[in-house]
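Visitor:
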Amino acid sequence: MDKLMLFIPYLPLALAILFGISQLLMQVFIPAQNRRWLTYIALLEMSALSLVTILAYLSRAQIKDMPPGMQNVALANYQFLDGFALFFYLLLIAASFVTLLISAHYLERENMPRGEYYSLIFFALAGMMVLVSAQHLMTLFIGLEIMSMSTYILVGYQRENPRSNEAAFKYFMLGSLASALLLYGIALTYGVVGSLDMSAIQSFYQTHPIGPLGSMGLILILAGLGFKVGAVPFHTWTPDAYQGAPMPITGFMATAVKAAVFALLIKLLGEPFVILRAYWVELIVLLSALTMITGNLLALVQTNIKRMLAYSSIVHTGYLLMGVSALSIQPDSQIRSALLYYLFIYVISTLGVFVALTHLSGRGEKIQEIEDFSGLATDYPFTAAALALFMFSFIGVPPLGGFFAKYFLFSEVLRLQDPLLQGLAIFAILNSILSIAYYLRLVVTIYFKPVNAIWKQAESRPVSISFLLLVTGLITIWTGFAPFNLLGIIPGLTPLINWLQAIVV
19 MDKLMLFIPY LPLALAILFG ISQLLMQVFI PAQNRRWLTY IALLEMSALS
69 LVTILAYLSR AQIKDMPPGM QNVALANYQF LDGFALFFYL LLIAASFVTL
119 LISAHYLERE NMPRGEYYSL IFFALAGMMV LVSAQHLMTL FIGLEIMSMS
169 TYILVGYQRE NPRSNEAAFK YFMLGSLASA LLLYGIALTY GVVGSLDMSA
219 IQSFYQTHPI GPLGSMGLIL ILAGLGFKVG AVPFHTWTPD AYQGAPMPIT
269 GFMATAVKAA VFALLIKLLG EPFVILRAYW VELIVLLSAL TMITGNLLAL
319 VQTNIKRMLA YSSIVHTGYL LMGVSALSIQ PDSQIRSALL YYLFIYVIST
369 LGVFVALTHL SGRGEKIQEI EDFSGLATDY PFTAAALALF MFSFIGVPPL
419 GGFFAKYFLF SEVLRLQDPL LQGLAIFAIL NSILSIAYYL RLVVTIYFKP
469 VNAIWKQAES RPVSISFLLL VTGLITIWTG FAPFNLLGII PGLTPLINWL
519 QAIVV
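Residue numbers 19 to 523, in this note's numbering, belong to the letters of the sequence shown in order.
Structure, rendered in structure tokens:
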């Protein structure tokens, strides 16, 4: 039993892979007319995965009962599933669960096959788990590639749609370039340090200068990851991939994929390379500023809602990069907690938006232009209210979750008393004000433009869509009160914030 304990931290990852394989195999044995059962099985598997993840994390309490000789081995293994990894595992599983649930309605409407689709989501999730838990740069690269390969295929899943094929091709080509840059950076880092273990890299740079090869390796690693998060000037794939991908996959990319890569950035620049902060901080600040302003200016001129949300996602990447640039070794810094909290709010609100759009886009996703949503509030008041709520959260209107997320992140950056970061935070606030224009444009179109006749013939909203809109909307409102106890009845998020502060120490 004690030896079995050594493998428990790897159980969620193993199950994600097994569930992905099971979805492929079940297609062989389940007749085509009954394959809607694959949806229910996938949802049960994802629910079981979340439960197993929590139980695996809690099982660390049993380490104290193990023989002394095995305790050190067990503690080392449990670093794979520490508090940081648990937070992202649950966040990624939640995003994957929502993607599966809205995909059930979408795949049936578009008459698309199910089994390999669900399988690819599980494989992408497995890659993200490796990415979040990696303590070694080569393990990190393998996890990133598993996630990326699955996502490339999902983006081009509408095989008969030329736009989907074009998006997948562009995403694959630029993603491959990013992987090459990242791998070359890893190779140069190994050449300097002699190890790819993150703790060994950190120990080496505590006593050795970075040197020209080390500097080039770090720059290439950051460039490769900049592609993955869609930072300017590595962002060109983002609007095309978002527009061409199936709507649920666009939401999956905007939430789960982005959260996983930022978990990696926080881990890399907050641990092995934090000692080199003087070498990379100005580069990250520059990327952050360029990403914010470019994303905002391009979002202002978009007429397609997917492309507008793609550039909006780029702007949020800029805010998060600002937080990454503030990572430091100061013991009282809460910037890591602020980044995790921002990602939590962003993922929930973005999922809510794509839940609504998956239903509203109609068969063949013919409804994508912002003007198409004219007068939506007249025929779909609940969905319109939910979309408006999420737009206000993105803006940062109190008391919604987006307001407190921005307040927490921006205030922590300002608290570091660094003139460079303070200037960047002020620039971010100005960009947040600028973003009001394109978010409110959608709200105005929904509520104050003449009713589009298409909504009279639109299909009724499935129960699953209504349920997810309600849940994501309530969480977006609730998280806005953050540490406050609402009316002495509804508790705030103080326990979550305290936990986030504890797991990133």
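Note that CB positions come from ideal geometry on N, CA and C, so glycine has one too.
Which runs of the alpha helix (DSSP H) spanning at least 4 residues fall entirely within the region 153-181, listed in chain order?
Guide: Correct list: 155-173.
Visitor: Hey, how far is the Cα of Gly-232 from the Cα of Ala-112?
Guide: Taking the first residue of the sequence shown as 1, we reach residue 232 at position 214. Taking the first residue of the sequence shown as 1, we reach residue 112 at position 94. Using only the alpha carbons, I get a separation of about 38 Å.
Visitor: By the DSSP assignment, the alpha helix (DSSP H) with Gln-56 in it spans what residues?
Guide: The residue given as residue 56 occupies position 38 in the sequence shown. According to the sequence provided, residue 56 is Leu. The question's Gln does not apply to it. Where Leu-56 is concerned, the enclosing alpha helix (DSSP H) stretches over 55-76.
Visitor: What is the DSSP secondary structure of Asp-100, reduced to helix, strand or coil?
Guide: Translated into the one-based positions of the sequence shown, residue 100 becomes position 82. Note: Asp-100 maps to coil in three-state DSSP.
Visitor: Where Ser-114 and Ala-66 are concerned, what is the direct C-alpha to C-alpha distance, given to the nearest angstrom?
Guide: In the sequence shown, the residue the question calls residue 114 occupies position 96. In the sequence shown, the residue the question calls residue 66 occupies position 48. Those two C-alpha atoms are separated by around 13 Å.
Visitor: What is the DSSP secondary structure of Asp-215, reduced to helix, strand or coil?
Guide: Your numbering for residue 215 matches position 197 in the sequence shown. Three-state result, Asp-215: strand.
Visitor: Can you tell me whether Glu-289 is helix, strand or coil according to DSSP?
Guide: Counted from its first residue, the sequence shown places residue 289 at position 271. Looking at Glu-289 - three-state DSSP - the assignment turns out to be coil, as it is neither helix nor strand.
Visitor: For the alpha helix (DSSP H) that Pro-30 lies in, which residues bound it at each end?
Guide: Translated into positions along the sequence shown, residue 30 becomes position 12. Looking at the DSSP string, the run of the alpha helix (DSSP H) that includes Pro-30 is 29-47.
Visitor: Going by the beta-carbon positions, is the gap between Thr-335 and Gly-248 smaller than 9 Å?
Guide: In the sequence shown, counting from the first residue as 1, residue 335 sits at position 317. In the sequence shown, counting from the first residue as 1, residue 248 sits at position 230. Cβ atoms of Thr-335 and Gly-248: closer than 9 Å.
Visitor: Give the range of the alpha helix (DSSP H) segment to which Pro-230 is assigned.
Guide: By 1-based counting over the sequence shown, the position of residue 230 is 212. Segment 229-247, the alpha helix (DSSP H) holding Pro-230.
Visitor: Determine the DSSP secondary structure at Asn-516, reduced to helix, strand or coil.
Guide: Counting from 1 along the sequence shown, the entry for residue 516 is found at position 498. Residue state, collapsed to three classes: helix.
Visitor: Going along the chain, which unbroken runs of the beta strand (DSSP E) with 3 or more residues stay wholly within the region 360-426?
Guide: Taking only runs of at least 3 residues, no beta strand (DSSP E) segment lies wholly in the region 360-426.
Visitor: Quick one, which of Ile-451, Val-415, Gly-341 and Asn-183 has its alpha-carbon nearest Asp-436's?
Guide: Position 418 of the sequence shown holds residue 436. Closest by alpha carbon: Gly-341.
Visitor: Look up Asn-314 in the DSSP assignment and say whether it is helix, strand or coil.
Guide: Here residue 314 refers to the residue found at position 296 when the sequence shown is read from its first residue. Three-state DSSP puts Asn-314 in a helix.
Visitor: Can you tell me where the alpha helix (DSSP H) holding Arg-325 begins and where it ends?
Guide: If you number the sequence shown from 1, residue 325 lands on position 307. First-last of the alpha helix (DSSP H) with Arg-325: 323-343.
Visitor: Would you mind giving the Cβ-Cβ distance between Leu-119 and Ala-74, rounded to the nearest angstrom? I have them listed as a contact below 8 Å.
Guide: What you label residue 119 is simply residue 101 of the sequence shown in a count that begins at 1. What you label residue 74 is simply residue 56 of the sequence shown in a count that begins at 1. Between Ala-74 and Leu-119 the Cβ distance is about 24 Å, and since that is not below 8 Å, they are no contact.
Visitor: Cα separation between Ser-213 and Leu-138?
Guide: As a first step, residue 213 is located in the sequence shown; it is residue number 195 there, counting from the start. As a first step, residue 138 is located in the sequence shown; it is residue number 120 there, counting from the start. Roughly 32 Å between the two C-alpha positions.
Visitor: For Val-373, count neighbouring Cβ atoms within 10 angstroms of its own Cβ and tell me buried if that reaches 16, exposed if not.
Guide: Mapped onto the sequence shown, residue 373 falls at position 355. The residue is buried, with at least 16 neighbouring Cβ atoms inside 10 Å.
Visitor: Short of 6 Å in beta carbon distance, which residues of its chain neighbour Arg-53, apart from the five on each side in sequence? Order them along the chain.
Guide: On the sequence shown, position 35 is the one that residue 53 refers to. Arg-132, listed in sequence order.
Visitor: Can you give me the Cβ contacts of Ala-142 inside the same chain, cut-off strictly under 6 Å, excluding the 5 residues immediately before and after it?
Guide: In the sequence shown, counting from the first residue as 1, residue 142 sits at position 124. Excluding residues within five positions, the ones whose Cβ falls inside 6 Å are Met-165, Ser-168 and Thr-169.
Visitor: How many angstroms separate the CA atom of Leu-155 from the CA atom of Lys-384?
Guide: Numbered from its first residue, the sequence shown carries residue 155 at position 137. Numbered from its first residue, the sequence shown carries residue 384 at position 366. Computed Cα separation, rounded: 43 Å.
Visitor: Roughly how far, in whole angstroms, is the beta-carbon of Pro-290 from the beta-carbon of Met-216, given that I think they are within contact range, below 8 Å?
Guide: In the sequence shown, residue 290 corresponds to position 272, counting from 1. In the sequence shown, residue 216 corresponds to position 198, counting from 1. Sure, about 4 Å apart at Cβ, within 8 Å.
Visitor: Looking only at C-alpha atoms, which of Leu-338, Leu-199, Gly-313 and Ala-34 sits nearest to Leu-327?
Guide: The residue given as residue 327 occupies position 309 in the sequence shown. The shortest Cα separation from Leu-327 among Leu-338, Leu-199, Gly-313 and Ala-34 belongs to Gly-313.
Visitor: Ala-263 by DSSP, collapsed to three states: which one?
Guide: Walking along the sequence shown from the start, residue 263 turns up at place 245. Coil, per DSSP.
Visitor: Okay, do the region 391-401 and the region 458-470 touch, 3+ Cβ pairs below 8 Å being the bar?
Guide: Result yes; three or more Cβ-Cβ pairs closer than 8 Å.
Visitor: Distance, Cα to Cα, Val-173 vs Phe-187?
Guide: Translated into the one-based positions of the sequence shown, residue 173 becomes position 155. Translated into the one-based positions of the sequence shown, residue 187 becomes position 169. Their backbone Cα atoms lie some 9 Å apart in a straight line.
Visitor: Tell whether a beta-carbon distance below 9 Å holds between Leu-361 and Leu-339.
Guide: On the sequence shown, position 343 is the one that residue 361 refers to. On the sequence shown, position 321 is the one that residue 339 refers to. In this structure, Leu-339 does not lie closer than 9 Å to Leu-361 by Cβ.
Visitor: What's the call for Arg-354, buried or exposed, on a 16-neighbour Cβ count within 10 Å?
Guide: The residue labelled residue 354 in the question sits at position 336 within the sequence shown. It is buried - the Cβ of Arg-354 has at least 16 other Cβ atoms within 10 Å.
Visitor: Figure out for me which residue from Ile-447, Glu-63 and Leu-33 has the closest Cα to the Cα of Leu-432.
Guide: Taking the sequence shown and counting its residues from 1, the one referred to as residue 432 is at position 414. Closest option to Leu-432, Cα to Cα, is Ile-447.
Visitor: Answer yes or no: does any C-beta atom of chain B fall closer than 9 Å to that of Arg-177?
Guide: Judged by its chain identifiers, the structure shown contains no chain B, having just a single protein chain.
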